[in-house]
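Peer 1: These protein sequences, in sequence, are chains A, B and C. Sequential numbering of the first sequence, starting at 1, is according to the numbering used here. Sequential numbering of the second sequence, starting at 1, is according to the numbering used here. Sequential numbering of the third sequence, starting at 1, is according to the numbering used here. Note that beta-carbon positions come from the ideal geometry of N, C-alpha and C, so glycine has one too.
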Amino acid sequence: MFSFLMKKAGIFLAKKQGAEGSKEKKEDKPKRLSKKLPENLSVIREIMKGSSDIIIREFYLNLDRIVEGALIMVDGLTDDRIINDNIIYPLMHDARQHLKKTGGDMDIISHIRNSLLSASQVKEETDIDEILNGFLNGDVALLVNGAAKALIISSKGWEKRAVNEPPSEAVVRGPRECFIENLRTNTALIRRKIRNPGLTFESLTVGKKTGTNVCIAYIKGVARQELIDTIKKRLTSIDTDAVLESGYIEQYIEDFPESIFATVGFTEKPDVAAAKILEGRAAIIVDGTPFVLTVPLLFVESFQSAEDYYFRPYFANMLRITRVISYAITILAPALYVAITTFHQELLPTSLLLTTASAREGIPFPAFLECLIMLMTFEILREAGVRLPRPVGQALSIVGALVVGESAVSAGIIGAPMVIVVAITALSSFVTPNEADSAAVLRLILLILGAVLGGFGIAIGLLGTLVHLSSLRSFGYPFLYPIAPFDVEDSKDAILRAPLWLMIKRPKEMSTDIKRQTINVPPTGKDIKDNKGELI
Amino acid sequence: MKISVKQAGYTAAAFIFTSALLTKGVYMYLRQDSWVAVILSFLVSLIFVYIYATLNKWFPSKSLIEINEAVFGKIIGKIISAGYLFYFFTLIILNARDISGFVGYILPTTPYVVIMVAFIYTCSWAVRKGAWNIASYGPLIVFVSLFVIMLNGLFLINDIELNRLAPAFTFPPIKYIAGTHLLTALPLCEIFVFFMFVPYLQKADGLGKVLFRGLTVGAAALLFIVIRDIVILGDTLLILSQPTYSVIRLIDVGDILTRVEILYAGILISLMFIKISVLYYATITAAARLVKTSSHDYLIRITGALAVIFGLSVFSAEYEHMDWTNRAAPIYSSFFIMLLPLLTLGTAAIRGLNRKNK
Amino acid sequence: MAFVIFPVFALMALFDFPKLINDKRSREIKLLSALYIIAFALAFMQALGMEIPSLIKWIRDVILDVLKIGYSL
Numbered sequence: 001m002f003s004f005l006m007k008k009a010g011i012f013l014a015k016k017q018g019a020e021g022s023k024e025k026k027e028d029k030p031k032r033l034s035k036k037l038p039e040n041l042s043v044i045r046e047i048m049k050g051s052s053d054i055i056i057r058e059f060y061l062n063l064d065r066i067v068e069g070a071l072i073m074v075d076g077l078t079d080d081r082i083i084n085d086n087i088i089y090p091l092m093h094d095a096r097q098h099l100k101k102t103g104g105d106m107d108i109i110s111h112i113r114n115s116l117l118s119a120s121q122v123k124e125e126t127d128i129d130e131i132l133n134g135f136l137n138g139d140v141a142l143l144v145n146g147a148a149k150a151l152i153i154s155s156k157g158w159e160k161r162a163v164n165e166p167p168s169e170a171v172v173r174g175p176r177e178c179f180i181e182n183l184r185t186n187t188a189l190i191r192r193k194i195r196n197p198g199l200t201f202e203s204l205t206v207g208k209k210t211g212t213n214v215c216i217a218y219i220k221g222v223a224r225q226e227l228i229d230t231i232k233k234r235l236t237s238i239d240t241d242a243v244l245e246s247g248y249i250e251q252y253i254e255d256f257p258e259s260i261f262a263t264v265g266f267t268e269k270p271d272v273a274a275a276k277i278l279e280g281r282a283a284i285i286v287d288g289t290p291f292v293l294t295v296p297l298l299f300v301e302s303f304q305s306a307e308d309y310y311f312r313p314y315f316a317n318m319l320r321i322t323r324v325i326s327y328a329i330t331i332l333a334p335a336l337y338v339a340i341t342t343f344h345q346e347l348l349p350t351s352l353l354l355t356t357a358s359a360r361e362g363i364p365f366p367a368f369l370e371c372l373i374m375l376m377t378f379e380i381l382r383e384a385g386v387r388l389p390r391p392v393g394q395a396l397s398i399v400g401a402l403v404v405g406e407s408a409v410s411a412g413i414i415g416a417p418m419v420i421v422v423a424i425t426a427l428s429s430f431v432t433p434n435e436a437d438s439a440a441v442l443r444l445i446l447l448i449l450g451a452v453l454g455g456f457g458i459a460i461g462l463l464g465t466l467v468h469l470s471s472l473r474s475f476g477y478p479f480l481y482p483i484a485p486f487d488v489e490d491s492k493d494a495i496l497r498a499p500l501w502l503m504i505k506r507p508k509e510m511s512t513d514i515k516r517q518t519i520n521v522p523p524t525g526k527d528i529k530d531n532k533g534e535l536i
Numbered sequence: 001m002k003i004s005v006k007q008a009g010y011t012a013a014a015f016i017f018t019s020a021l022l023t024k025g026v027y028m029y030l031r032q033d034s035w036v037a038v039i040l041s042f043l044v045s046l047i048f049v050y051i052y053a054t055l056n057k058w059f060p061s062k063s064l065i066e067i068n069e070a071v072f073g074k075i076i077g078k079i080i081s082a083g084y085l086f087y088f089f090t091l092i093i094l095n096a097r098d099i100s101g102f103v104g105y106i107l108p109t110t111p112y113v114v115i116m117v118a119f120i121y122t123c124s125w126a127v128r129k130g131a132w133n134i135a136s137y138g139p140l141i142v143f144v145s146l147f148v149i150m151l152n153g154l155f156l157i158n159d160i161e162l163n164r165l166a167p168a169f170t171f172p173p174i175k176y177i178a179g180t181h182l183l184t185a186l187p188l189c190e191i192f193v194f195f196m197f198v199p200y201l202q203k204a205d206g207l208g209k210v211l212f213r214g215l216t217v218g219a220a221a222l223l224f225i226v227i228r229d230i231v232i233l234g235d236t237l238l239i240l241s242q243p244t245y246s247v248i249r250l251i252d253v254g255d256i257l258t259r260v261e262i263l264y265a266g267i268l269i270s271l272m273f274i275k276i277s278v279l280y281y282a283t284i285t286a287a288a289r290l291v292k293t294s295s296h297d298y299l300i301r302i303t304g305a306l307a308v309i310f311g312l313s314v315f316s317a318e319y320e321h322m323d324w325t326n327r328a329a330p331i332y333s334s335f336f337i338m339l340l341p342l343l344t345l346g347t348a349a350i351r352g353l354n355r356k357n358k
Numbered sequence: 001m002a003f004v005i006f007p008v009f010a011l012m013a014l015f016d017f018p019k020l021i022n023d024k025r026s027r028e029i030k031l032l033s034a035l036y037i038i039a040f041a042l043a044f045m046q047a048l049g050m051e052i053p054s055l056i057k058w059i060r061d062v063i064l065d066v067l068k069i070g071y072s073l
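1. Measure the beta-carbon distance from A:Ala-440 to A:Phe-368 and round it to whole angstroms, keeping in mind my assumption that it falls under 8 Å.
2. Restricting to Cα atoms, I'd like to know which of A:Gly-412, A:Phe-256, A:Leu-336 is closest to A:Ser-546.
3. Is there a Cβ of chain C sitting closer than 8 Å to that of B:Phe-171, yes or no?
4. Taking the alpha carbon of B:Thr-285 as the reference point, which residue from B:Arg-213, B:Phe-273, B:Ile-274, B:Tyr-298 has its own alpha carbon closest?
5. Classify B:Glu-377: buried if its beta carbon has 16 or more other beta carbons within 10 angstroms, exposed otherwise.
6. A:Ala-359 and A:Gly-415: beta carbons closer than 8 Å?
7. Could you say which of B:Lys-275, B:Asp-205, B:Leu-263 lies nearest to A:Leu-347 if we only look at CA atoms?
8. Taking C-alpha atoms, which residue in A:Asp-287, A:Glu-68, A:Leu-278 lies nearest to A:Thr-185?
9. When burial is assigned at 16 or more other CB atoms within 10 Å of the CB, is A:Val-140 buried or exposed?
10. Strictly below 8 Å CB to CB, what residues from chain B border C:Asp-16?
11. Please tell me whether B:Asp-323 and B:Leu-250 are closer than 8 Å, where the distance is taken between their beta carbons.
12. Under 8 Å by Cβ, that's how I've got A:Thr-187 and A:Cys-215 pegged, so tell me the actual separation to the nearest angstrom.
13. If you count every other CB in all the chains shown that lies within 10 Å of the CB of A:Asn-145, and 16 or more means buried, which is it?
14. Just to make sure I have the definition right: I need the residues of chain C whose C-beta is within less than 7 Å of the C-beta of B:Ser-313. Which are they?
15. Assess contact between the stretch 298-309 of chain B and the stretch 487-502 of chain A, defined as three or more Cβ pairs (one per stretch) separated by less than 8 Å. Is contact present?
16. When the Cα atoms are used, what is the spatial distance from C:Ala-34 to B:Lys-129?
17. Quick check: what's the CA-CA separation for A:Thr-465 versus C:Met-50?
18. If contact is defined by three or more beta carbon pairs under 8 Å, each pair taking one atom from either stretch, is the stretch 494-509 of chain A in contact with the stretch 310-326 of chain A?
19. Label A:Gly-385 either buried or exposed according to how many other C-beta atoms from any shown protein chain fall within 10 Å of its C-beta, with 16 as the threshold for buried.
20. Who are the Cβ neighbours of A:Gly-104 in its own chain at under 8 Å, not counting the five residues just before and after it?
21. For A:Ala-459, go through chain B and note every residue whose CB falls closer than 8 Å to its CB, in chain order.
22. What residue range is occupied by the uninterrupted beta strand (DSSP E) comprising B:Arg-259?
23. I need the DSSP call for B:Tyr-10, collapsed to helix, strand or coil.
24. Pull up the distance between the alpha-carbon of A:Ile-88 and that of A:Ser-34, whole angstroms please.
25. Under the three-state reduction of DSSP, which class applies to B:Leu-353: helix, strand or coil?
26. Under a Cβ-count criterion, where at least 16 other Cβ atoms within 10 Å of its own Cβ denotes burial, should B:Trp-35 be classed as buried or exposed?
27. Consult DSSP for A:Gly-104 and reduce its assignment to one of helix, strand or coil.
28. Roughly how many angstroms separate the alpha carbons of A:Val-272 and A:Ile-83, rounded to a whole number?
29. Considering only the beta carbon of each residue, do A:Ile-285 and A:Ser-428 sit closer than 8 Å?
30. Flag A:Ala-484 as yes if its beta-carbon sits less than 8 Å from any beta-carbon of chain B, otherwise no.
Below, the structure written as structure tokens:
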């Protein structure tokens with residue numbers, strides 16, 4: 001139903017937008033540089049009027065004649081040392097000697113680029129938009145009088161976070177690196193994990209006003225070309241002003257925006273992103289956010305974490321089963337409690353029934369309303385806990401626990417079993433953080449169904465969820481694979497995990513290069529010899 | 001996307017042991033010898049599966065409606081197809097009535113219309129998402145149900161007394177024939193409805209494999225259930241109105257594991273959900289192909305409404321339900337499942353249609 | 001309680017008909033309208049408490065009483 005409403009709203013608004021016509025002004029700014037430096041500088045000053053952080057440094061190049069030049073940069077985005085030592089110094093001091101060596105006829109810009117600048121990346125541009133893009137990205141633009149070309153020289157150096165432990169995906173075992181907001185550092189972190197020439201980073205820019213750099217990371221030959229083409233097509237068709245975080249991109253490229261389940265995954269850790277790239281998926285790295293998107297996503301990935309693969313299979317499988325059970329608890333516990341106390345009291349053992357009945361004795365609300373109040377209180381506590389300043393944090397947790405837990409129960413507003421149920425629900429929802437958003441909505445839907453139709457309602461709700469999940473596709477991949485179109489081979493890493501040396505093939509159809517290792521039965525120790533040279 | 005043969009096969013298995021979980025018609029004629037009836041009807045059903053598979057091989061990738069038209073000509077073919085449509089629709093309302101009766105037992109004060117609307121609405125949602133999806137989570141539900149059934153059997157090992165199977169083979173032969181006929185017509189050959197899935201299968205002539213796999217798995221599960229019920233309940237088999245439900249209620253492992261019938265109710269609802277979704281899909285595609293429209297989406301809601309309307313009024317008393325199931329249902333089913341396909345096969349052979357298609 | 005039938009059927013029609021009308025498929029519109037009218041009439045009668053004819057009873061009567069081929073226990 002939501003897809004129906006959303007489509008209708010979308011069609012209505014699109015028609016309105018088409019009727020109004022495009023009201024964008026066509027600005028008459030010049031597109032290309034001219035040969036005269038003062039003209040170029042006045043155009044750029046006009047465009048960037050009012051910003052005090054744009055620096056235009058005019059100087060003379062030390063050639064055989066006086067040639068004016070200008071550097072345009074943004075204060076705070078550039079590294080002053082590179083500009084002073086590698087750009088201004090050679091141009092001011094070394095230009096004359098070099099010119100003597102090469103003769104006087106060469107194009108100044110090529111000469112500067114090829115012989116004078118000791119910078120690692122230099123680009124030539126003639127388009128004013130590209131020049132603006134260049135220095136707004138942290139590079140410095142060099143304009144020379146008499147040349148209609150400009151040089152964009154890399155000199156990025158702004159404040160960035162250190163590569164620390166990820167705050168949202170802490171692990172017990174495994175690397176403690178985390179992506180940061182800088183695109184180049186993130187690509188470098190992935191490059192350090194996969195030292196293979198096939199690893200490709202394709203760059204694009206999305207967002208008309210933000211100009212956010214986006215990179216698609218994949219391994220050529222392992223990832224399917226159709227997947228990469230689809231991603232590129234969807235990214236280039238994003239037509240919006242602001243793209244501030246990868247969440248924006250996720251909501252524009254996902255297959256089923258009306259579903260409560262996310263079909264695009266995200267991660268903050270380079271080893272997780274590298275593992276997904278090695279399986280044949282693609283990672284989308286967005287400048288300005290440490291959260292990297294991974295497509296396609298399968299439902300079973302929400303129950304997997306990086307350290308499952310670093311631990312041995314037995315413990316890892318126990319952890320996975322715990323996660324599945326926690327997810328089941330977090331969506332079912334309130335609904336089951338309400339259904340059982342309202343409709344199916346005979347299901348409780350007698351002693352539990354008596355204590356529950358006595359606990360609910362003086363409560364004025366029906367179980368459903370009690371549950372709603374408690375869930376809302378929990379959401380309020382959680383939001384408050386995320387946003388409050390650190391000194392107040394301790395006090396608030398005590399206040400929250402005391403107020404809600406003890407006082408509400410003894411005041412007779414809610415019953416003690418309800419507090420336990422909601423506490424367990426809350427704790428379980430943190431075990432699978434990737435599905436916390438869908439779990440919150442699903443919990444509410446199942447609660448309403450359980451309150452209306454009891455156990456039957458919950459059964460129908462779960463069946464409806466199953467129908468919905470199996471109809472989702474993530475970039476063409478069935479979402480519940482390998483559970484719903486059941487596949488024996490790919491179940492080696494669905495819920496339970498087979499030992500690493502048995503995971504010979506990549507998931508089917510996720511890659512064109514299926515085989516990833518040969519069977520490698522672990523050494524059994526039967527080749528250890530003792531001092532005399534005999535087998536132990 | 002095309003449905004794979006294996007998935008459709010396991011989904012077909014759901015049809016067979018679902019009805020055993022719900023009714024006691026299986027035990028009507030041959031009380032402690034019902035397991036013989038299961039084995040015999042499995043063998044008889046193999047013959048009918050062979051007939052369906054042959055029809056499918058002669059007319060690959062054509063669904064039932066098109067086969068009827070090809071064999072009998074336009075007018076008679078349309079009448080026979082309308083008959084099949086009516087049969088599928090009555091199957092929907094009977095099964096919907098069955099599950100609503102069961103759920104009404106769990107939720108006593110809820111009016112039947114609410115239960116039926118909720119159930120049929122969920123099934124209509126499943127149908128809207130398409131046959132491929134039904135065939136993808138069908139096997140999942142069937143495996144989980146089989147696991148739960150085995151587990152329940154394991155918990156009851158204490159109460160088994162094998163001599164409840166005796167005396168064996170003491171009934172007059174006519175009863176064996178009656179029991180076999182009942183089992184063949186009702187649970188086992190309802191998988192005939194998968195004929196409507198033929199245009200969507202990966203292999204155009206794979207219906208035989210689908211039905212064979214479904215039949216084998218379903219019959220094995222049915223055998224397990226029947227033997228378990230006989231050796232545990234013994235003489236009380238026919239006194240209780242729902243033998244399998246009563247068997248599950250007996251589970252009491254160390255005073256802790258009681259009330260396991262919740263699991264049983266859960267798998268029953270899931271299995272009936274699959275059965276009614278498949279029947280619903282078959283009805284809608286049959287209607288769409290009969291009037292030759294290209295898509296069948298617009299018929300989903302109205303068929304659901306009609307199913308609820310007729311499902312509520314199908315039986316006015318429980319006695320009528322039993323009377324129908326035991327006396328008239330086998331004849332009604334065998335007309336559509338056994339007689340008409342045989343007739344179709346015979347007519348196709350006489351008219352030489354199998355030679356043309358080779 | 002019978003007036004609940006009106007909004008339910010109206011809602012169903014609201015979802016079903018616009019697409020067919022946009023595509024101008026008159027055969028399907030006629031068929032669907034006929035089915036809607038029948039269903040609405042039957043539902044209304046049922047909601048008012050009148051008994052609608054049950055299909056199964058007719059079949060049962062044909063099989064057992066007319067043709068006399070039913071089982072007898």
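Peer 2: In this structure, then:
1. Counting from one through the first sequence, the residue named residue 440 of chain A turns up at place 440. Counting from one through the first sequence, the residue named residue 368 of chain A turns up at place 368. With 8 Å as the limit, A:Ala-440 and A:Phe-368 do not qualify as a contact, their Cβ atoms being about 17 Å apart.
2. The structure shown has nothing for residue 546 of chain A, since chain A only spans 1 to 536.
3. On the second sequence, position 171 is the one that residue 171 of chain B refers to. No, no contact with chain C.
4. For the purposes of this step, residue 285 of chain B is taken as the residue at position 285 of the second sequence. It is B:Tyr-298.
5. The requested residue 377 of chain B is not part of the displayed model; chain B covers only 1 to 358.
6. Counting from 1 along the first sequence, the entry for residue 359 of chain A is found at position 359. Counting from 1 along the first sequence, the entry for residue 415 of chain A is found at position 415. Closer than 8 Å, so yes.
7. Mapped onto the first sequence, residue 347 of chain A falls at position 347. When only C-alpha atoms are compared, the closest one is B:Leu-263.
8. Taking the first sequence and counting its residues from 1, one reaches residue 185 of chain A at position 185. Comparing Cα positions, the closest option is A:Asp-287.
9. For this step, residue 140 of chain A is matched to residue 140 along the first sequence. By the 10 Å Cβ count, A:Val-140 comes out buried.
10. Stepping through the third sequence from its first residue, residue 16 of chain C is reached at position 16. Within 8 Å Cβ-Cβ: Tyr-298, Arg-301, Ile-302.
11. Within the second sequence, residue 323 of chain B is the residue found at index 323, counting from 1. Within the second sequence, residue 250 of chain B is the residue found at index 250, counting from 1. For B:Asp-323 and B:Leu-250, no; Cβs fall outside 8 Å.
12. By one-based count along the first sequence, residue 187 of chain A stands at place 187. By one-based count along the first sequence, residue 215 of chain A stands at place 215. At roughly 6 Å, the Cβ-Cβ gap stays under 8 Å, so A:Thr-187 and A:Cys-215 are in contact.
13. Taking the first residue of the first sequence as 1, we reach residue 145 of chain A at position 145. The residue in question, A:Asn-145, is buried, as its Cβ has 16 or more Cβ neighbours within 10 Å.
14. For the purposes of this step, residue 313 of chain B is taken as residue 313 along the second sequence, with counting starting at 1. Those within 7 Å of B:Ser-313 in chain C are Gln-46, Glu-51, Ile-52, Ser-54.
15. no
16. For the purposes of this step, residue 34 of chain C is identified with residue 34 of the third sequence, where counting begins at 1. For the purposes of this step, residue 129 of chain B is identified with residue 129 of the second sequence, where counting begins at 1. Roughly 25 Å between the two C-alpha positions.
17. Sequence index remark: in the first sequence, residue 465 of chain A carries index 465 (1-based). Sequence index remark: in the third sequence, residue 50 of chain C carries index 50 (1-based). Whole-angstrom Cα-Cα distance: 37 Å.
18. yes
19. By 1-based counting over the first sequence, the position of residue 385 of chain A is 385. Exposed.
20. Position 104 of the first sequence holds residue 104 of chain A. Model confidence at A:Gly-104 stands at a pLDDT of 49, short of 50, so the residue's coordinates are unreliable and nothing is read from them.
21. As a first step, residue 459 of chain A must be located in the first sequence, where it is residue number 459. Ordered by position in chain B, the residues that pass the 8 Å Cβ test against A:Ala-459 are Ala-265, Gly-266, Ile-269, Ser-270.
22. Counting from one through the second sequence, the residue named residue 259 of chain B turns up at place 259. B:Arg-259 -> no beta strand (DSSP E), and no H or E assigned at all.
23. For this step, residue 10 of chain B is matched to residue 10 along the second sequence. B:Tyr-10 falls in the helix class under three-state DSSP.
24. Counted from its first residue, the first sequence places residue 88 of chain A at position 88. Counted from its first residue, the first sequence places residue 34 of chain A at position 34. Near 23 Å, if we compare the C-alpha coordinates of A:Ser-34 and A:Ile-88.
25. Here residue 353 of chain B refers to the residue found at position 353 when the second sequence is read from its first residue. Helix.
26. Start at 1 with the first residue of the second sequence, and residue 35 of chain B comes out as number 35. Burial call: buried.
27. For the purposes of this step, residue 104 of chain A is taken as the residue at position 104 of the first sequence. Residue placement at A:Gly-104 is flagged as unreliable, the pLDDT there being 49, under the threshold of 50; a coordinate-derived value is accordingly withheld.
28. Indexing the first sequence from 1 puts residue 272 of chain A at position 272. Indexing the first sequence from 1 puts residue 83 of chain A at position 83. Their backbone Cα atoms lie some 37 Å apart in a straight line.
29. Stepping through the first sequence from its first residue, residue 285 of chain A is reached at position 285. Stepping through the first sequence from its first residue, residue 428 of chain A is reached at position 428. No, they are not a contact pair.
30. One-based indexing of the first sequence puts residue 484 of chain A at position 484. Judged by the 8 Å Cβ criterion, A:Ala-484 is in contact with chain B.
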